[in-house]
Amino acid sequence: MSHSLENKTLAFAGICQAVSLVQQVARQGTIKDKAPLSATLNSILVTDADNTADIYGGQGQLTLGYQTIVDQLGNNDSRKNAELTRYLVGTLALERKLAKRKDLMAMLGERINQVKRQRHHFELLDEQVLANFASIYSDIISPIGPRIQVAGEPSFLQQSLVQHQIRALLLAGIRSAVLWRQLGGQRRQILFNRKRMVALAQSALRES
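The letter at position 166 of the sequence shown is residue 173 when you use the working numbering, and the numbering goes up by one with no holes.
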């Protein structure tokens with residue numbers, strides 16, 4: 008896969024979309040538009056794509072992620088969301104810790120293959136599949152810390168389905184962070200290439 012800034016921005020949009028959906032389900036208890044949810048969660052299972060966009064089912068499946076890039080990295084301060092920034096920083100920090108643990112990366116691969124087999128019998132958004140994704144995050148990612156503290160409506164956060172969705176989406180965020188790093192993504196590039204990333208995100212939104 009090409010290490011172009013366009014591909015890095017696409018993978019970063021994957022992270023942004025995952026954390027935006029985390030915020031949505033934590034605050035509202037549900038995600039009304041299931042298309043970005045399905046694309047984001049399915050990306051966890053795509054491990055042999057020919058190009059970066061195929062991991063998400065095409066660039067058009069990342070509209071929410073690209074919009075989040077524009078809002079978070081653009082010049083309009085009123086659109087910036089400190090909570091999303093915290094989730095993004097937390098996701099990138101967890102990925103860095105995970106990358107240093109080959110044992111955990113191998114375990115992660117095995118557990119994801121189990122979900123692939125489970126998908127022969129259940130739909131992607133079935134609660135049993137979501138619970139399996141969530142347990143992967145709880146068992147492998149969360150213990151390496153620091154934990155991402157998700158804010159939201161307490162009555163929603165107490166529901167098991169909401170908890171499963173949040174952890175599954177955080178796992179998807181980690182998956183996109185791993186991809187971003189594999190494509191040569193580095194945190195300092197977000198600062199130095201901010202304007203170009205926003206321009207690429209805006210262009211992707213026009214095309215979708």
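Ideal Cβ placement from N, Cα and C applies to all residues, glycine included.
>> Between 24, 46, 58, 212, which has its C-alpha nearest residue 10's C-alpha?
In response: In the sequence shown, residue 10 corresponds to position 3, counting from 1. That would be 58, whose Cα lies nearest to the Cα of residue 10.
>> Give the list of continuous alpha helix (DSSP H) stretches no shorter than 4 residues that lie fully inside the segment 107-173.
In response: You should have 109-125, 134-143, 161-164.
> When the Cα atoms are used, what is the spatial distance from residue 162 to residue 148?
Replying inline: For this step, residue 162 is matched to residue 155 along the sequence shown. For this step, residue 148 is matched to residue 141 along the sequence shown. Those two C-alpha atoms are separated by around 25 Å.
> Is there contact between the segment 26-45 and the segment 109-120, where contact requires at least three CB pairs shorter than 8 Å?
Replying inline: Contact between the segment 26-45 and the segment 109-120 is absent, with fewer than three C-beta pairs closer than 8 Å.
> Among 87, 123, 27, 77, which one has its Cα closest to the Cα of residue 202?
Replying inline: Working through the sequence shown from its first residue, we reach residue 202 at position 195. Measuring from the Cα of residue 202, the nearest candidate turns out to be 77.
>> Can you look up residue 53 in the DSSP assignment and give me helix, strand or coil?
In response: Numbered from its first residue, the sequence shown carries residue 53 at position 46. Shown here, residue 53 sits in coil according to DSSP, grouped into three states, outside any helix or strand.
> Since residue 71 and residue 21 are thought to touch, with beta carbons under 8 Å apart, how far apart are those beta carbons, to the nearest angstrom?
Replying inline: In the sequence shown, the residue the question calls residue 71 occupies position 64. In the sequence shown, the residue the question calls residue 21 occupies position 14. Incorrect: roughly 10 Å between the Cβ atoms, too far for contact.
> Do you know offhand how far residue 132's Cα is from residue 88's?
Replying inline: Numbered from 1 along the sequence shown, position 125 holds the residue referred to as residue 132. Numbered from 1 along the sequence shown, position 81 holds the residue referred to as residue 88. Computed Cα separation, rounded: 28 Å.
> At what residues does the alpha helix (DSSP H) containing residue 83 begin and finish?
Replying inline: As a first step, residue 83 must be located in the sequence shown, where it is residue number 76. Where residue 83 is concerned, there is no enclosing alpha helix (DSSP H), given that its DSSP letter is neither H nor E.
>> Quick check on the DSSP output: the alpha helix (DSSP H) that includes residue 16 runs from which residue to which?
In response: Here the question's residue 16 lines up with position 9 in the sequence shown. That run of the alpha helix (DSSP H) goes 12-35.
>> Contact defined as beta carbons within less than 8 Å: I believe residue 117 pairs with residue 30. What is the distance between those atoms, to the nearest angstrom?
In response: Residue numbering aside, residue 117 sits at position 110 when the sequence shown is read from its first letter. Residue numbering aside, residue 30 sits at position 23 when the sequence shown is read from its first letter. Between residue 117 and residue 30 a beta carbon distance of about 30 Å is seen, past the 8 Å cut, so the two are scored as non-contacting.
> Whose C-alpha, out of 189, 33, 130, 54, is nearest the C-alpha of residue 177?
Replying inline: The count along the sequence shown starts at 1 and reaches residue 177 at position 170. When only C-alpha atoms are compared, the closest one is 33.
> Hey, residue 174 and residue 144: beta-carbon distance below 8 Å or not?
Replying inline: As a working note, residue 174 is residue 167 in the sequence shown. As a working note, residue 144 is residue 137 in the sequence shown. With a cutoff of 8 Å on beta-carbon distance, residue 174 and residue 144 are scored as near each other.
> When you compare only the Cα positions, how much space is there between residue 50 and residue 65?
Replying inline: Taking the first residue of the sequence shown as position 1, residue 50 is located at position 43. Taking the first residue of the sequence shown as position 1, residue 65 is located at position 58. Residue 50 and residue 65 have their C-alpha atoms spaced approximately 11 Å apart.
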